[in-house]
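Numbering (UniProt numbering), first residue to last: 1 to 137.
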């Protein structure tokens, strides 16, 4: 049992590491294209959404184990409301001011100015994790 579980988590760690590596390579490519075309919305969107996917990947191994259990599904709406909504707000507000339909009309919240890309990254990872953690068996 120990070897099987150990191998399972090692495989997921390698997968997440490769995902991060290729994600950063793709981000670098988007930055280059954005500089050439003077359009950084793709980079901004990727920088905000990529951490959400990483957060989901961090929770996914445990989620798969929970899915295999024969229990009733529980939706933890308190977790989504208290943790999910504020992190979703930060992620969306890091993209929205740069989008074509809201450019110049929506102000960037002060927390994003103070925290820079770090606050968006942390919020995205937490949001992704919470998206899968709030659904339980």
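Ideal Cβ positions, reconstructed from N, Cα and C, are used throughout, including at glycine. Please read all numbers here as calculations on a predicted model, not as lab measurements.
Cβ neighbour criterion (16 or more within 10 Å) applied to residue i
| i | result |
| --- | --- |
| residue 129 | buried |
| residue 13 | exposed |
| residue 78 | exposed |
| residue 116 | exposed |
Alpha carbon of residue i to alpha carbon of residue j, nearest angstrom
| i | j | result |
| --- | --- | --- |
| residue 88 | residue 123 | 7 Å |
| residue 60 | residue 105 | 37 Å |
| residue 75 | residue 82 | 14 Å |
| residue 50 | residue 25 | 12 Å |
| residue 68 | residue 43 | 37 Å |
| residue 101 | residue 72 | 42 Å |
| residue 33 | residue 110 | 28 Å |
| residue 62 | residue 127 | 16 Å |
| residue 5 | residue 57 | 17 Å |
| residue 3 | residue 64 | 18 Å |
| residue 131 | residue 84 | 7 Å |
| residue 35 | residue 103 | 18 Å |
| residue 27 | residue 133 | 27 Å |
| residue 135 | residue 8 | 21 Å |
| residue 86 | residue 15 | 29 Å |
| residue 23 | residue 52 | 12 Å |
Residues bridged to residue i [DSSP beta-bridge criterion]
| i | result |
| --- | --- |
| residue 135 | 75 |
Pair within 8 Å by beta-carbon distance, residue i and residue j
| i | j | result |
| --- | --- | --- |
| residue 55 | residue 125 | yes |
| residue 95 | residue 112 | no |
| residue 120 | residue 48 | yes |
| residue 108 | residue 97 | yes |
| residue 30 | residue 46 | yes |
| residue 99 | residue 41 | yes |
| residue 137 | residue 37 | no |
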